[in-house]
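Novice: If you read the sequences in order, they're chains A and B.
For what it's worth, numbering that gives the first Met the number 0 labels the leading residue of the first sequence as 0, then goes sequentially.
For what it's worth, numbering that gives the first Met the number 0 labels the leading residue of the second sequence as 0, then goes sequentially.
There are 2 protein chains.
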Amino acid sequence: MEHGFEATSLRALTTAAGVNLAAVNYHFGSKEELFQAVLTRRLDPMNQARLELLTRLEANAARRPVSCESILTALLIPALKLARDPQRGGKDFLRLLGRAYADPAPFIRRFLSEQYGLVIARYKAAFARALPHLPRKELSWRLHFIMGALSYTLAGTDALKLIAELNPHETANDEILLRRLAPFLLAGLTAPLPAMSAVSQALDDQLAL
Amino acid sequence: MEHGFEATSLRALTTAAGVNLAAVNYHFGSKEELFQAVLTRRLDPMNQARLELLTRLEANAARRPVSCESILTALLIPALKLARDPQRGGKDFLRLLGRAYADPAPFIRRFLSEQYGLVIARYKAAFARALPHLPRKELSWRLHFIMGALSYTLAGTDALKLIAELNPHETANDEILLRRLAPFLLAGLTAPLPAMSAVSQALDDQLAL
DNA sequence: GTCTATATCATGATAGAC
DNA sequence: GTCTATCATGATATAGAC
Chain A
0 MEHGFEATSL RALTTAAGVN LAAVNYHFGS KEELFQAVLT RRLDPMNQAR LELLTRLEAN
60 AARRPVSCES ILTALLIPAL KLARDPQRGG KDFLRLLGRA YADPAPFIRR FLSEQYGLVI
120 ARYKAAFARA LPHLPRKELS WRLHFIMGAL SYTLAGTDAL KLIAELNPHE TANDEILLRR
180 LAPFLLAGLT APLPAMSAVS QALDDQLAL
Chain B
0 MEHGFEATSL RALTTAAGVN LAAVNYHFGS KEELFQAVLT RRLDPMNQAR LELLTRLEAN
60 AARRPVSCES ILTALLIPAL KLARDPQRGG KDFLRLLGRA YADPAPFIRR FLSEQYGLVI
120 ARYKAAFARA LPHLPRKELS WRLHFIMGAL SYTLAGTDAL KLIAELNPHE TANDEILLRR
180 LAPFLLAGLT APLPAMSAVS QALDDQLAL
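Structure below.
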């Protein structure tokens, strides 16, 4: 969480944990497998919860499409509940996850795409039903932007600084953070198409200069 | 750009460049200083252009506030022009920059906050005039989310894009990308306040379960 | 299972000939 | 300025005593 995968040595981990250096390779096989085990333990249940929430929403909606707000909420709630639970790593785990998103190591990228493949597919289908006017390609991009804002926010490189500046009296709290992020993401998701947006014209104008 | 700062060795760089290993330390002093020199060469002029664009917009607007679309555009245009210019690194430089944003190394974080401090302050003030109803605190958060979506998008981690079934060919084109990103960001920036957003109620409802 | 000790290798940096 | 050669360090992983 603090230094990234590559820059965190097994020596630093094992001494901080008060265990022997050789224990990692004995129990996990390698540094990479340890890392995957750490992520899987929390990520797997969280993504499971996301799938179950969406399933329940779709069941309740009968055959009508679920609203955008509800789908987005179902995506965020499991992360928020995890952030609230110090016993399961709390906000530290989310920061670790946010860093992993930005890590270029191929094994991490492969791991994450395996972990998230199903979740993204299900949520994308749900959003597509909720936003029938939105072209599929546009939706793909907007989900990509959402993941970007989310992971950057969770990684919290500067977020913690920002929280300290803005909420000197509130505890640095991921719930506040997600409650501010959600309306931002919802608005972006339901934004007018690029051809219709006021900013497209401004881009054309300024590019012409 | 491909492996991150830590995982990129000076040996790999120097052999790829066809120069001697010792040249880096002779000309730049250290690996870190080389990295900063690489970034500064492009980042400095880009941020300078951002400041000049904003200054010109404000001059043209006389004493009225500049519109949100124009401010956002002024922020994106220099990046877009850089992306279009292969002679100045093109999209590769933007990917490198996006990775740097996500890097936890303290010297990189310090370097970026020095490079961006003035730009962010100027643009924040401009947005504040354009959105007088938006609380300053909320604006700070939204600028943070914007930087997140932007850097994640520029960094261009392929794995998650593939999940989202995005056309790899199209991902190569940063202009199309920014043209899709801009309306998303503008909508987020001008979204209703959290208390007024439809998603806040959905969050409350689902958290109660 | 857990430890010490170590093998093996790659790294950033530097010394010194040219 | 540029090269070769090398230093000191720290990395992951493993062998083998207990």
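Quick reminder that beta carbons are idealized off the backbone N, C-alpha and C, glycines included.
Note that the coordinates shown come from a computational prediction; the quantities given were computed from them, not determined experimentally.
Output the distance between the C-alpha atoms of B:GLU113 and B:HIS143, rounded to the nearest integer angstrom.
Specialist: Rounded to the nearest angstrom, the two C-alpha atoms are 16 Å apart.
Novice: Taking C-beta to C-beta, are B:SER196 and A:LEU185 nearer than 8 Å?
Specialist: Contact: yes.
Novice: Can you tell me the Cα-Cα spacing of B:MET45 and B:ALA82, whole angstroms?
Specialist: So the alpha carbons of these two residues sit roughly 11 Å apart.
Novice: What is the DSSP secondary structure of A:GLY89, reduced to helix, strand or coil?
Specialist: The answer is helix: DSSP assigns A:GLY89 an H, G or I state.
Novice: Does the contact criterion of 3 or more C-beta pairs under 8 Å hold for the segment 14-33 of chain A versus the segment 115-131 of chain B?
Specialist: No: fewer than three Cβ pairs fall under 8 Å.
Novice: Are A:LEU71 and B:VAL198 touching if we call contact CB-CB under 8 Å?
Specialist: For A:LEU71 and B:VAL198, yes; Cβs fall inside 8 Å.
Novice: Determine which residues of the segment 34-63 of chain A have a Cβ less than 8 Å from any Cβ of chain B, and write them out in chain order.
Specialist: If the cut-off is 8 Å between Cβ atoms, the segment 34-63 of chain A has LEU52 near chain B.
Novice: Any idea what DSSP makes of B:GLY17, helix, strand or coil?
Specialist: Three-state result, B:GLY17: coil.
Novice: Is A:TYR151 near B:TYR151, with beta carbons less than 8 Å apart?
Specialist: Contact: yes.
Novice: With 8 Å as the threshold, decide whether the Cβ of B:PHE144 is near any Cβ in chain A.
Specialist: So yes, B:PHE144 belongs to the interface.
Novice: Shortest alpha-carbon distance to A:ARG121 belongs to which of A:SER66, A:ALA101, A:HIS132 and A:LEU53?
Specialist: The shortest Cα separation from A:ARG121 among A:SER66, A:ALA101, A:HIS132 and A:LEU53 belongs to A:LEU53.
Novice: Determine the closest residue to A:LEU149 out of A:ASN19, A:PRO193, A:ILE76 and A:ARG41, with distance taken between C-alpha atoms.
Specialist: That would be A:ILE76, whose Cα lies nearest to the Cα of A:LEU149.
Novice: Report the rounded CA-to-CA distance for B:PHE110 versus A:ARG98, giving the unit in angstroms.
Specialist: So the alpha carbons of these two residues sit roughly 19 Å apart.
Novice: If the cut is a Cβ gap below 7 Å, which residues of chain B does A:SER150 touch?
Specialist: Near A:SER150 (Cβ distances below 7 Å), the residues of chain B are TYR151.
Novice: May I have the straight-line CA-CA distance separating B:LEU42 from B:GLN35, to the nearest angstrom?
Specialist: Spanning the two alpha carbons is a distance of roughly 10 Å.
Novice: Taking the alpha-carbon of B:LEU188 as reference, which of B:LEU79, B:ARG87, B:GLU68 and B:LEU208 has the nearest alpha-carbon?
Specialist: Answer by Cα proximity: B:GLU68.
Novice: Can you tell which of A:GLY147, A:ALA194, A:ALA129 and A:GLU174 has the C-alpha that lies nearest to the C-alpha of A:ARG62?
Specialist: Of A:GLY147, A:ALA194, A:ALA129 and A:GLU174, the residue nearest in Cα terms is A:ALA129.
Novice: Do A:LEU202 and A:GLU137 have their C-beta atoms within less than 8 Å of each other?
Specialist: For A:LEU202 and A:GLU137, no; Cβs fall outside 8 Å.
Novice: Using a threshold of 8 Å, state whether the C-beta atoms of A:LEU180 and A:LEU93 are closer than that.
Specialist: In this structure, A:LEU93 does not lie closer than 8 Å to A:LEU180 by Cβ.
Novice: In angstroms, rounded to a whole number, what distance separates the CA positions of A:ARG178 and A:ALA58?
Specialist: So the alpha carbons of these two residues sit roughly 26 Å apart.
Novice: Of all the options A:LEU176, A:PRO85 and A:LYS30, which has the alpha carbon lying nearest to the alpha carbon of A:THR13?
Specialist: Comparing Cα-Cα distances from A:THR13 to each of A:LEU176, A:PRO85 and A:LYS30, the minimum goes to A:LYS30.
Novice: Would you verify that the beta carbon of B:LEU74 is, or is not, closer than 8 Å to some beta carbon of chain A?
Specialist: False, the Cβ-Cβ gap to chain A never drops below 8 Å.
Novice: As a quick exercise: from B:PRO131, B:LEU20, B:GLU32 and B:ASP84, pick the residue whose alpha carbon is nearest that of B:GLY172.
Specialist: The sequence given here has Asn at residue 172 of chain B, not Gly. With distances taken between Cα atoms, B:ASN172 lies closest to B:ASP84.
Novice: Starting from A:PHE183, find everything on chain B with Cβ-Cβ shorter than 7 Å and list it in chain order.
Specialist: Those are ARG141, PHE144, GLY187 and ALA190, listed as they occur along chain B.
Novice: For the alpha helix (DSSP H) that contains A:ARG109, what are its first and last residues?
Specialist: Looking at the DSSP string, the run of the alpha helix (DSSP H) that includes A:ARG109 is 105-129.
Novice: Can you find a C-beta in chain B that's less than 8 Å from the C-beta of A:HIS2?
Specialist: It does: the Cβ of A:HIS2 has a partner Cβ on chain B nearer than 8 Å.
Novice: According to DSSP, simplified to helix, strand and coil, what is B:ASN172?
Specialist: In this structure, B:ASN172 counts as coil in the three-state DSSP scheme.
Novice: What is the rounded straight-line gap between the Cα of A:ARG10 and the Cα of B:GLN86?
Specialist: One C-alpha to the other measures close to 43 Å.
Novice: Taking 7 Å as the cut-off, is the CB of B:ALA201 close to at least one heavy atom of the ligand NAD?
Specialist: Inclusion of the ligand NAD in the displayed structure is not the case, the ligand content being empty and no account of it being possible.
Novice: In its own chain, which residues sit with a C-beta less than 8 Å from the C-beta of B:ASN19, not counting the 5 before and 5 after it?
Specialist: Cβ within range, chain order: THR13.
Novice: Alpha carbon to alpha carbon, what distance is there between B:VAL65 and A:ALA190?
Specialist: About 21 Å.
Novice: Work out the CA separation of B:LEU206 and B:HIS132 for me, nearest whole Å.
Specialist: Near 29 Å, if we compare the C-alpha coordinates of B:LEU206 and B:HIS132.
Novice: Are the beta-carbon atoms of A:ILE107 and A:PHE183 separated by less than 8 Å?
Specialist: Cβ atoms of A:ILE107 and A:PHE183: not closer than 8 Å.
Novice: Three-state secondary structure (DSSP) at A:VAL65?
Specialist: It is coil, neither helix nor strand.
Novice: Under 7 Å between beta-carbons, which chain B residues line up against A:LEU71? List them in chain order, please.
Specialist: Near A:LEU71 (Cβ distances below 7 Å), the residues of chain B are VAL198.
Novice: Who are the near neighbours of B:LEU33 in its chain, counting only those whose CB is closer than 7 Å to its CB and skipping five residues on each side?
Specialist: For B:LEU33, where only same-chain residues beyond five positions count, the Cβ hits under 7 Å are VAL23 and PHE27.
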